Amino acid sequence: LLQIYPSDLRPGSLTVRVAVMLMFSVSAERALDTMNFDVIKGRPLRIMWSQRDPSLRKSGVGNIFIKNLDKSIDNKALYDTFSAFGNILSCKVVCDENGSKGYGFVHFETHEAAERAIEKMNGMLLNDRKVFVGRFKSRKEREAEMGARAKEFTNVYIKNFGEDMDDEKLKEATLP
Numbered sequence: 111l112l113q114i115y116p117s118d119l120r121p122g123s124l125t126v127r128v129a130v131m132l133m134f135s136v137s138a139e140r141a142l143d144t145m146n147f148d149v150i151k152g153r154p155l156r157i158m159w160s161q162r163d164p165s166l167r168k169s170g171v172g173n174i175f176i177k178n179l180d181k182s183i184d185n186k187a188l189y190d191t192f193s194a195f196g197n198i199l200s201c202k203v204v205c206d207e208n209g210s211k212g213y214g215f216v217h218f219e220t221h222e223a224a225e226r227a228i229e230k231m232n233g234m235l236l237n238d239r240k241v242f243v244g245r246f247k248s249r250k251e252r253e254a255e256m257g258a259r260a261k262e263f264t265n266v267y268i269k270n271f272g273e274d275m276d277d278e279k280l281k282e283a284t285l286p
């Protein structure tokens, strides 16, 4: 028995989400193992267990952010790379109509798995590109950090240099 329920039909969205309910868990496991990342109409499938409790998704626990990804890294490559650190609940490389935008997210089942991935992968080369791997931060958290940084003034205006001033002399004059 297979039942498909549209779960997200936002107008203009490039993504259509559906919930699929299978009669037996073994069928769901087989679909996850054999069909995840298969391509249909040029778009890869992302199959994951349904998380009915939104608190796990919204808490950010176990969720990491990866940037500076090579354009050749897709969902499957990201999954294969990070699955060594623990059970992955979801994994996504962010794309637009031109392909990868160079960043993605991996949501691990546990905080410990996420910390292992950050510790081992941050600064490593992935397809000859040094990647940043860190804890996922919500937009609200990032905006708060940027606001705090904006209060730390680091820019100065200097005028009336002599003609003999160059970059090196300016650096020497302004270093602590």
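According to our numbering, the sequence shown is numbered sequentially starting from 111. Virtual Cβ for every residue (Gly too), placed ideally from N, Cα, C. If you're wondering where the values come from, they're calculated on a predicted model, not measured in any experiment.
For residue i and residue j, what's the separation of their Cα atoms in angstroms?
{"i": "LYS211", "j": "PRO286", "result": "39 Å"}
{"i": "VAL290", "j": "LYS269", "result": "A question about residue 290 goes unanswered here, because the residues of the chain that appear run from 111 up to 286."}
{"i": "ALA283", "j": "PHE271", "result": "12 Å"}
{"i": "ASP184", "j": "ARG249", "result": "24 Å"}
{"i": "SER193", "j": "SER200", "result": "11 Å"}
{"i": "GLU273", "j": "LEU280", "result": "12 Å"}
{"i": "ARG140", "j": "GLY257", "result": "47 Å"}
{"i": "VAL136", "j": "HIS217", "result": "23 Å"}
{"i": "GLU229", "j": "GLU278", "result": "37 Å"}
{"i": "ASP290", "j": "GLU219", "result": "A question about residue 290 goes unanswered here, because the residues of the chain that appear run from 111 up to 286."}
Can you list, in chain order, the residues of its chain whose CB lies under 6 Å from that of residue i, leaving out five sequence neighbours each side?
{"i": "PHE195", "result": "ALA223, ARG226, ALA227"}
{"i": "LYS186", "result": "PHE147"}
Would you mind working out which of the options sits nearest residue i, comparing C-alpha positions?
{"i": "PHE147", "options": "ASN173, LEU280, LYS202, MET231", "result": "LYS202"}
{"i": "TYR213", "options": "ILE176, LYS247, LEU280", "result": "ILE176"}
{"i": "GLY172", "options": "VAL149, GLY257, ASN197, TYR189", "result": "ASN197"}
{"i": "ASP155", "options": "ILE174, ASN178, TYR189, LEU179", "result": "Before going further, note that residue 155 is Leu rather than Asp in the sequence given. Out of ILE174, ASN178, TYR189, LEU179, TYR189 has the C-alpha closest to the C-alpha of LEU155."}
{"i": "GLY233", "options": "LEU179, SER135, PHE218, VAL136", "result": "LEU179"}
{"i": "GLU207", "options": "GLY152, SER135, ASP277", "result": "GLY152"}
{"i": "PHE246", "options": "ASP143, ILE174, THR144, MET145", "result": "ILE174"}
Got a sec? Which residues, its chain only, sit under 7 Å from residue i by beta carbon, not counting five neighbours each side?
{"i": "THR231", "result": "Position check: residue 231 holds Met in this sequence, whereas Thr was assumed. Around MET231: VAL241, VAL243."}
{"i": "HIS221", "result": "VAL171, GLY172"}
Within its chain, find whatever has a CB closer than 8 Å to the CB of residue i; leave out the 5 residues flanking it on each side and keep chain order.
{"i": "GLY209", "result": "LYS181"}
{"i": "VAL149", "result": "LEU155"}
{"i": "LEU236", "result": "LEU179, ASP180, ILE183, THR191"}
List the residues that DSSP assigns as beta-bridge partners of residue i.
{"i": "ASN173", "result": "HIS217"}
{"i": "LEU236", "result": "ARG239"}
{"i": "GLY209", "result": "ASP206"}
**Q.** Minimum length 3: unbroken beta strand (DSSP E) runs contained in the stretch 244-280
**A.** none
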